[in-house]
Amino acid sequence: MTTPTDTPPRATSGQLATFRLDGDLYGVEVEHVQEVLRSQGLTRVPLAPPAVAGLINLRGQVVTAIELRERLGRPPRPAGTDAVVIVVRLHGEAVSLLVDSIADVVDVDAGDFETPPDTLDGQARELIRGAYKLDGQLLLALDVQKAVGA
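Residues 1 to 150 (full-length UniProt numbering) make up the sequence shown, in order.
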């Protein structure tokens, strides 16, 4: 009997909006991306989980900011460097992901999709759907639903 966690990651063709985090290249489906912004002022939330960096006022809408470095078990962002904000929309709700820098929108093919690399462990392995081989680099496909979850 298989459980939902036993199902293989789904390979998709299409476009991914890519970004860098701690030197690695990640991507999210372009259809989830609402906009990309420079660093925004954050309001800290007392007693929030460590991955919740705070709240952002996005033209009057309060949006939760998720620190992807924390979610993926990466070291904290170096002092003095600002995060780039990727606002994603899931089920009609906006959530922002804090990343190091934005890259390009790339076309991916399901034939280039592989399961997550064995070098990923812990939190990162749970949040990565798989990887696409690009010219000279690996693009890690982020599962946005899981990344914004608690």
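Don't be surprised by glycine CBs; every beta carbon is placed ideally from N, CA and C. These numbers were taken from a predicted model, which means no experiment stands behind them.
query: For Gly130, the first and last residue of its enclosing beta strand (DSSP E); result: Ile128 to Leu134
query: Check whether Leu55 and Thr43 have beta carbons under 8 angstroms apart; result: yes
query: Per-residue DSSP class, three states only, for Ala83; result: coil
query: Delimiting residues of the alpha helix (DSSP H) encompassing Leu68; result: Leu68 to Arg71
query: Test item: CB-CB of Val85 and Ile66 under 8 angstroms; result: no
query: Euclidean distance between Cα positions of Gly15 and Ala141; result: With the sequence shown as reference, residue 15 is identified as Gln, and Gly is not the correct amino acid for it. In a straight line, the C-alpha of Gln15 is about 11 angstroms away from that of Ala141.
query: Three-pair Cβ contact test at 8 angstroms for the region 95 to 105 versus the region 118 to 132; result: no
query: Per DSSP, the bridge partner or partners of Arg89; result: Ala94
query: Of the listed residues Gly23, Lys146 and Val148, nearest to Pro78 (C-alpha basis); result: Gly23
query: Limits of the unbroken beta strand (DSSP E) element including Gln34; result: Val33 to Leu37
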